[in-house]
Amino acid sequence: MGMSVTISAAAEQDAEQIFRLQYLCFQSEAALYGNYRIDPLVQTLDSVRAEVVSDCVFVARLGDEVVGSVRGRVTEDGSAAIGKLCVHPRLQGHGIGARLLRAAEAALSEERGATSFRLHTGHRSEGNLRLYRKVGYQTVGTSEGADGVPMIVLEKPAGTYAATA
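The sequence shown begins at 13 in the numbering used here and counts up by one.
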């Protein structure tokens with residue numbers, strides 16, 4: 013490849029690249045469920061911009077190109093909700109998703125005081141489930157997304173991200 017993928021906090025000017033990457037990456041999830049109205053595909057650019065400003069957002073870069081992203085925010089109960097983890101299809105399977113998760117977990121815990129991490133993924137999303145379990149997440153329940161997709165809820169305590177490095 014010639015260049016290394018770097019992980020860093022997202023800047024406001026990254027919002028459009030994150031928006032486009034998210035749209036590309038979540039096509040396979042939409043196809044898996046036969047539902048092209050899932051949240052990552054209907055989210056607006058303005059909403060992504062607002063999240064980049066207010067939430068804990070990290071990107072993976074290959075040169076100037078954003079090739080991965082993840083978002084998180086601390087909820088009222090002190091846990092961090094992590095979501096919309098995505099890596100460009102041509103770069104999946106190289107540990108970028110795990111690196112993004114570690115960066116978000118560290119920042120959410122150390123800078124924003126999160127006591128645990130929580131995320132949701134579709135019940136048929138085996139690749140996602142494999143990654144999350146590999147880095148220490150455990151299934152704690154199920155829910156239904158606003159789009160009607162059955163979701164699996166996974167959690168892990170803060171402080172365990174270092175063990176996934």
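Just so it is clear, CB atoms sit at the ideal spot from N, CA and C, and this is done for glycine as well.
Three-state secondary structure assigned by DSSP to residue i
i    : result
I50  : coil
G109 : helix
A27  : helix
A22  : coil
E77  : strand
S91  : strand
M13  : Because M13 carries a pLDDT of 45, less than 50, the predicted location of this residue cannot be relied on, and the following value inherits that uncertainty. Here M13 sits in coil by DSSP.
Given residue i as reference, the closest of the options once Cα atoms are compared
i    : options                   : result
R114 : A23, E156 and Y149        : Y149
G95  : V54, R83, Y45 and K146    : R83
I50  : P162, S66 and A170        : P162
E123 : T154, Y48 and A170        : A170
G214 : S16, A42, R32 and E28     : This structure cannot settle anything about residue 214, because the visible part of the chain is limited to 13 through 177.
G125 : E138, R136, G109 and S91  : S91
R185 : K146, R111, V165 and E156 : Since the displayed the chain opens at 13 and closes at 177, residue 185 lies outside it and no answer follows.
R145 : L166, E28 and M15         : L166
S66  : S40, L120 and F38         : L120
A116 : R142, V147, A158 and E138 : V147
V60  : E24, S40 and F38          : E24
P52  : S128, Q39, Y45 and A62    : Q39
S16  : G134, K168 and I108       : I108
A158 : G134, R32 and T127        : G134
K168 : E156, E138 and S128       : S128
L33  : V71, Y45 and G105         : V71
R142 : S155, D76, I164 and Y45   : I164
L62  : E156, E28 and S155        : Per the sequence presented here, residue 62 reads as Ala, with Leu not at that position. Out of E156, E28 and S155, E28 has the C-alpha closest to the C-alpha of A62.
Residue i and residue j closer than 9 angstroms at C-beta
i    : j    : result
V64  : A22  : yes
D26  : V69  : yes
H132 : L36  : no
I30  : V78  : yes
L97  : N140 : yes
R130 : V152 : yes
L57  : G80  : no
Per DSSP, cross-strand counterpart(s) of residue i
i   : result
R32 : Per DSSP, none; premise fails for R32.
F9  : Since the first residue of the chain shown is 13 and the last is 177, residue 9 is not available in this structure.
V60 : V60 pairs with nothing; no bridge assigned.
V65 : According to DSSP, V65 bridges with nothing at all.
CB contact check: residue i to chain D, cutoff 9 angstroms
i   : result
I19 : Among the protein chains of the structure shown there is no chain D, as only one such chain exists.
Beta strand (DSSP E) runs contained entirely in the stretch 120-177, provided each spans 3 or more residues: If you keep only unbroken beta strand (DSSP E) runs of at least 3 residues inside the stretch 120-177, you get 128-134, 150-156 and 162-169.
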